[in-house]
Structure formats: C-alpha cells, structure tokens
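S.K.: For the sequence shown, the residue numbers in full-length UniProt numbering are 1 to 765.
Every residue gets a Cβ at the ideal spot worked out from N, C-alpha and C, and that includes glycine.
In this text the structure is predicted, and so the values were computed from the model without any measurement.
Can you read through this structure? Questions will come right after.
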Amino acid sequence: MLFAVLSGFILAMFTPLLQPVAQNKTGWILAILPLSLTLYFASFVPAVSQGEVIYQEWQWLPGMDINLSFMLDGLSLLFALLISFIGVFIFIYAGSYLQGHKSTARFFVIMLAFMASMLGLVLSDNLISLFVFWELTSITSYLLIGFDHEDESARRSALQGLFVTVGGGLALMAGLIMLATVGGSYQLSEILTASDSVLESSLAVGMIICILLGTFTKSAQFPFHFWLPNAMAAPTPVSAYLHSATMVKAGIYLMARLNPAFTEHALWTVSLSLFGAITMFVGAYLAYSATDIKKVLAYSTVMALGTLTMLLGIGTEYALIAFTCFLLAHSLYKAALFMLAGAIDHEIGTKDLTLMGGLRSKMPRTAVITAIAALSLAGMPPLFGFIAKEAMFEAVIGNDSYQALILILALAAAMLVMAIAAVVAIKPFYGELRSTPKKPHEAPLAMLIGPAILAVLSLMFGLLPWVPQNSILSATVNAVSVTPASFSLALWHGFNLPLLLSVIALIGGILLFVFWQKTRPAIGHLTTQASRFGPEAGYFSMMNGITYIASWQTRLLQNGKLGNYMIVMILTTVILVGYTLLSQYGLNVYLNVEGIAFYEFFIVLLMLLATIYAISTRSRLGAVASMGVLGFTVALVFIHFSAPDLGITQVLVETLTVILLVLVLFKLPGFSRYSSRYEVIRDASVAVLMGVLMTLLTLAAIDVQFFETISGFFVESSYPLAKGRNIVNVILVDFRALDTLGEIFVLAIAALGVFSMLKLRAEEK
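Written out as structure tokens, the structure is:
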C-alpha cells in the first residue's frame, strides 16, 4: 500500500518528460496507473468482504510514534476503489478536454499528486500521516482550482478554498492531537477500540468541535458550503474528480471513520444530523436557483454531502446502510454528470442552461448518457440512486431526534433535486435548437467513455443491488458502525412510506421543473439578495477586516522609524516577560551585601557614573570616553571573578572600539536635539523599565539552579580528556574552541575596521 500511495508522486515527477513525447495520448498513458491501482485494490475485495482488515506499516519517525501505517477495511477500500477507478476516466477525459493547452503537463503533475494524497488520506491508520495527506489534498486542490492562474476569478476561488479548508485543517490538527492524547495512541485502529475512554475524557467536547470544524470545512457543510461552487473555476476534469470521489468526500470519510468512537456522544450526533440536513436543503435550493450547469451540479454536490453527514448523525443501522449506498451512488452519477457538463461546454461554448436547447439531434450519445446519470441523481428506478434515496427516506423516518424537521428538509430537498435532474437532462437537449457560441457537435470518445461506463454501472447496480452489497457495501457498513449489520438491498420493497415520499417528491419535482423557467429569475434574485448577508459575505468581510487591520498595524508599527521598533519590542518584552516573572515567581528581591569588598562597590559606582555621564554629556568625545570607561570596568568584573579570557577580550575589543569611534567622530556633525521633551522622557522610561526587568530576572535567576554547576566537570576532566593542567586554557581551546574562535573573529573584524579608518585618514592627508 505504501507503493500504491507513492506511485502517484513518483509518476508525477516523470510526467513533464512524458508529455512532449506522448502529446495527446498522455491522458491514456497516465490512466494506466489508476487502472493498475483499481485492480490492486480490487484484489482485496474477497478478503475484506469476509470481514478481514489488512494492516501494513513502515517506520517513519518512530521516536515520535509517527509511522506510515495503513489500514484497509470496507470504508477505506470503497474510497480507494472510487478514487482509483474514477481516476482512470478523469485522466482519459482530461487528455482530450485539455488538448492543445500549453500547461497540460503541469495539470497532470498536480492531478497525480492529488490522487496520491487522497489515497494516502483514506488508507492512513496513523493520525499524523493522515493529517499530512489531508493538508496535501488542500494544497494540490488549491493548485488545481487555480490552474488557469491568469484568470483573476480562478485565483480568487483557489485562495478562498485554501483559506477555508486550511483554516479548518488547523482546528482538525488540534482535535486529532487531543484524540491521540486521550486515546493513548496515534493509531486510529487502536483509538477506535478505546472509544469509552475518548467519550469519558474532559477533552471530548473540545475534541469533537475541532474535528467537526475540520471536516465541515473540507466537505462544505453549512455555513462553509460557499467555497465549493466557487471551485468551479477549475477545469471540468478537476470538478468531476474533486466533487465525486475525492476532495469534498475527505471530510465525509473522516467523519465516517471516527463515527464508531463518537456515535454515543450527543454533540456529535446532533451536530451531524442538524447541520447535515440544513446543508442538504440549502444545497438543493441553491442548485435550483442557478443557471450555470457546473454550478447546478456543484450545489447538488453540497446537497449530497449534507445528506451523507445527516445520515451519519442519525446513526441507526439503516442510516449507515443509506449512507453507504448514497456514497456509492453519488460518486458514480456525479462524476458522469460533471464530465458530461464539461463535454457540453467544450462543444457548444457555454455553460448557461438558459442558452441551451435542442442539442439532442447534434449530440445524441451525450443526451442518452446524461439522461441515465440524471435519473440516478433524481433517485428514479431502476437506477442505484433510487435505492439510495429510498434508504435515506427510511433512515429519516426511523430517526428519533428532530424527526419532523429533518423529514421536511429531506422531502423538500428531494423535490428540488428531482427538478434539478430534469433541468440537466431535458433543458439542454430538447426543445428548439438554440444558437450557441460554437457549432454543436458530438464530444470525442475520450470524453464520453467515462460517463457512459459510470452511468451503466449506476443502472447495473440498481438492477443487481446484491453485487455491490456482497462485494463491498456490507463491509463498509460494518466499518462505520459499532455493531455488525445485516441487510439486503433490493429495487422493490413493496408499497411503504418511503415509496410514498418518493412519489410526493416526484410530483413536486415535476411541478418545480415545469415552472423553473418562470420562477428561477425571481428565486435567483432572492438568492442574490440573501447572499449579501450570508456566510460568503461574512467570509469576504473577514478577509477585508484582516487586510484593514494588517494595513493599520503596518502604518502604526512598521513606520520606518527604528526608535519606534525598539520601543515596541522592549515594551512587549517587558509586559510579557514581566507578567510571567511576577505571576510565576513573585517579587522576591533580596540583596545580600555581606562579604562584598569596598573595591567592588567602587567598580559598580564607576560603572554607574560612566553610564550617567554618557547619556547626559553633549560632548561626543566625552560620551565615547565614558563608554570606554564602562567597558573597562566590565573587564575588571570579568577578571575579578576569574574569567581572564573574557577580561582580555573585553579590554581588546573595548580599546579597538574606542579608537574606531574616535576616528568616526571627525566625520560626524555636532549634537542636535531632534527629540521633544516628551520623547526623551518616554525613551528614558522605557529604558528604565527594561533595566528593572533585567535586574529582577538576574536576581530571580540567582536562586534557580536546575543542574549542578559545570565547573566540577571542567576540574575533573581537563587533564584526563584534554591533557592540560591549566583549566582556563583547556576550556578556551578544547571545550569551548568554537566560542574562542568567534572571539578571535570579533577581534579581527574590529582590527580591520580600525586599520581601514587609519588608512583612509592617511590617504586623505
């Protein structure tokens, strides 16, 4: 499995070399990799369908308990098969869709990296490696959405998707760390077996909130749903892949993976069911109000993601069965519909549904395939989408919490989706042939083979539902539920309440479709007005606010005045360090002056007088001289406390510095007063505060000693290790050789400076 994940990254490195050679066949050649991965993962179906879970592990950072460990059960296998199988047709489709594009190689490189990242995410058993792949999907999807980087709207949409998903990713990281801390391991398989300790932890609420923020942003749950339709700025192959089986399903996957651990927590179930139901309805409504065929499908994806989240929140056995069926059904019909939408746009030059009509005579094969896929979207028999919709209604009916609200939202969403499916299947192909920017003609084989196969699979799985059930769906349901589930899928369950709800949804959907042309402008206007106060408007307000604050603090803090920078840094240090010192240590100032010799008082007094004179004199020469006195008294302190090496270095450096400054003085103008009295007092106050802080820190440090003094080590080790009896010399040339070398460099540089000044002055004379 490690090679299966890394193979996409490896092939991506060679794609720029392949593209100039293969030209228009690049998509077909690259499709061999996802096809091989499909066959590889399919080989695990017999074992996984029998309940076996396959584990593989490679050490990565063992000291931090981070490994490249992979787990293959029903859930991860279903996702791996969808990612690789749909990826086959996406690469073939993209090769034809982007034919002649100057950046085709770049597109395939990013797409391969994205596919590999998604595989790594759904297969990872280690939380840290899962998060790494999670963020890789955000980065690669950002590059894919902004593929046409010369288009401002593409750049804006890519940044929006990146900000939302990466912002949620930060919350997810915190949640995963808390989960690992509570669960006692970074291995998902171990955490899921210790769900009791996870739920009983005091971190449970915070952990769930952080994880839901990460998954909701990734899978476009309300109120974070707005970024997904804007991602339609990406080329259609990207939209088809991201919206069917990959990027937006990542959050759904993680919620499903963690569902056994959190299913008993009320916050988890209520949040998923309510937010999922709201997202389901909002997505369906916005799809009905849109006219861009890609945005219609994008909003219907929001609807599907909300449905999947809602079913996980309901959490009953039938809800998890419905979740699994809906997951598969949506992946099949949505990938097909997106590729068909791209084919229509590619061949007629517009994505606006109101400008389409009568294309059936020009694009008959596209019309038939679109009709089949749209029937599955609508949940009509005998498509697999019908089975998924019936299971969804059954799950909603059996829900105990907020049953009436969720049932109303589900029925309304079903009506709207029925109308949407009719619009997509009928409006472009029937009626009077409309004039379009391009002369309509049938799409090439490479752009239709994928949608055709996926649509046929939707039909086949509807007619033969036991095929997916026995091969993978049963194992998937058991992977996301706490207890094993036994069920049987069928196209016909007799006359029951879910069937009645389907009939009501069908009638309502037909009425909505009939009046779509008349009601859509008013609904679209209402949606546009409402969007001024919606989540996306909040996003832009937040971004504008961040820009304003950044501009304000730049003007205030980064104003080009070095003095202000110093004041800000010093005051920040004083406030933060001072608060920590006083709150953690307290103001325990105790000076013991016993045993201090009179000459030590004299040295301190000399330092103080030199400092006062340096800051008060109006003579540059006097200031330099007083600073020199201060430096030499520091050297006396070093020598007095048995640090002759530091004393000698201090004397040499101070001497050279004084000479250098004296030479520079001849080039400088006289003192001028540029600061007001207020500024002088302000600067003096800041300096005093910093001095007081350093004094308190020094006094506090005297009483703190975490380790034994190192002097004993030097005394004991100087001769045995360095063969020297002069301990100071041994320290300088052996134990602290690099420090001594640095001091030599300081002296050398100072000497070069003095030499340069003397030589320059001699040449001027």
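Which residue from 48, 28, 514 and 18 puts its Cα closest to that of residue 472?
M.R.: 48
S.K.: Taking the alpha carbon of residue 27 as the point to measure from, which residue in 62, 87 and 78 has its own alpha carbon closest?
M.R.: 87
S.K.: For residue 486, count neighbouring C-beta atoms within 10 Å of its own C-beta (all shown protein chains included) and say buried if the count is 16 or more, exposed if not.
M.R.: exposed
S.K.: With DSSP as the reference, identify every bridge partner of residue 196, one or two as the case may be.
M.R.: In DSSP, residue 196 forms no bridge with anything.
S.K.: Tell me the DSSP secondary structure of residue 264 in three-state form.
M.R.: Residue 264 falls in the coil class under three-state DSSP.
S.K.: So is residue 647 in contact with chain C if we call contact Cβ pairs under 8 Å?
M.R.: The structure shown contains no chain C, having only a single protein chain.
S.K.: On the three-state DSSP scale, how would you describe residue 492?
M.R.: coil
S.K.: With DSSP as the reference, label residue 683 as helix, strand or coil.
M.R.: helix
S.K.: How should residue 37 be labelled, buried or exposed, when 16 other C-beta atoms within 10 angstroms of its C-beta is the threshold for buried?
M.R.: buried
S.K.: Residue 57 lies in the beta strand (DSSP E); which residues open and close that run?
M.R.: 54-61
S.K.: Quick check on this structure: which residue in 282, 318 and 569 has the alpha carbon closest to the alpha carbon of residue 535?
M.R.: 282
S.K.: Is DSSP giving residue 596 helix, strand or coil here?
M.R.: coil
S.K.: So which of 43, 16, 93 and 518 has the shortest CA-CA distance to residue 105?
M.R.: 16
S.K.: Is the distance from the Cβ of residue 783 to the Cβ of residue 293 below 8 Å?
M.R.: Coverage of the chain is limited to positions 1 through 765, which leaves residue 783 absent and any answer about it impossible.
S.K.: Grab the span of the beta strand (DSSP E) containing residue 69 for me, first residue to last.
M.R.: Following the DSSP letters along the chain, one finds residue 69 inside the beta strand (DSSP E) bounded by residues 66-72.
S.K.: Spatial neighbours of residue 373 within its chain, please: CB distance less than 6 Å, with the 5 preceding and 5 following residues excluded, ordered by chain position.
M.R.: 333, 336, 337 and 455
S.K.: I need the straight-line Cα distance from residue 368 to residue 111, nearest angstrom please.
M.R.: 29 Å
S.K.: Output needed for residue 278: all residues of its chain with C-beta closer than 6 Å, excluding positions within five of it in sequence on either side, in chain order.
M.R.: 222
S.K.: Quick one, which of 424, 381 and 478 has its alpha-carbon nearest residue 460's?
M.R.: 381
S.K.: Within the same chain, show all residues whose beta-carbon is closer than 6 Å to that of residue 481, passing over the 5 residues directly before and after it, in chain order.
M.R.: 320
S.K.: What distance in whole Å lies between the Cβ atoms of residue 113 and residue 251, which are believed to be in contact at a cut-off of 8 Å?
M.R.: Actually they are not in contact, since the Cβ atoms of residue 251 and residue 113 sit about 20 Å apart, beyond 8 Å.
S.K.: Do the CB positions of residue 331 and residue 244 come within less than 8 Å of each other?
M.R.: yes
S.K.: Measure the CB-CB distance between residue 288 and residue 35 and report whether it falls below 8 Å.
M.R.: Result no, Cβ atoms of residue 288 and residue 35 do not sit closer than 8 Å.
S.K.: Alpha carbon to alpha carbon, how far is residue 427 from residue 524?
M.R.: Between residue 427 and residue 524, the C-alpha separation is close to 18 Å.
S.K.: Return helix, strand or coil for residue 529, following the three-state DSSP convention.
M.R.: The three-state reading of DSSP puts residue 529 in helix, counting H, G and I together.
S.K.: Under 7 Å Cβ to Cβ from residue 162, same chain only, skipping five residues before and after it: list those, please.
M.R.: 138 and 142
S.K.: Roughly how many angstroms lie between the CA atoms of residue 247 and residue 495, to the nearest whole one?
M.R.: Counting only the Cα atoms, residue 495 lies some 38 Å from residue 247.
S.K.: Which value, in whole angstroms, describes the spacing of the CA atoms of residue 183 and residue 213?
M.R.: 20 Å
S.K.: Could you spell out where the alpha helix (DSSP H) holding residue 220 opens and where it closes?
M.R.: Neither: residue 220 is in no alpha helix (DSSP H) and is coded neither H nor E.
S.K.: Select from 688, 653, 131 and 235 the residue whose C-alpha is nearest the C-alpha of residue 615.
M.R.: 688
S.K.: Within its chain, find whatever has a CB closer than 8 Å to the CB of residue 11; leave out the 5 residues flanking it on each side and keep chain order.
M.R.: Take residue 11, set aside five residues on each side of it, and the residues of its chain with a beta-carbon closer than 8 Å to its own are 30, 33 and 112, in chain order.
S.K.: Grouping DSSP H, G and I as helix and E and B as strand, with all else coil, what is residue 650?
M.R.: In the three-state DSSP reduction, residue 650 falls in the helix class (H, G or I).
S.K.: Across which residues does DSSP place residue 352 in a beta bridge pair?
M.R.: DSSP lists 292 as partners of residue 352.
S.K.: Excluding the 5 residues flanking residue 740 on each side, which residues of the same chain have their C-beta closer than 7 Å to its C-beta?
M.R.: 732 and 733
S.K.: First and last residue of the alpha helix (DSSP H) that includes residue 390?
M.R.: 384-397
S.K.: State the start and end residues of the unbroken alpha helix (DSSP H) segment that holds residue 230.
M.R.: Note, residue 230: alpha helix (DSSP H), 227-230.
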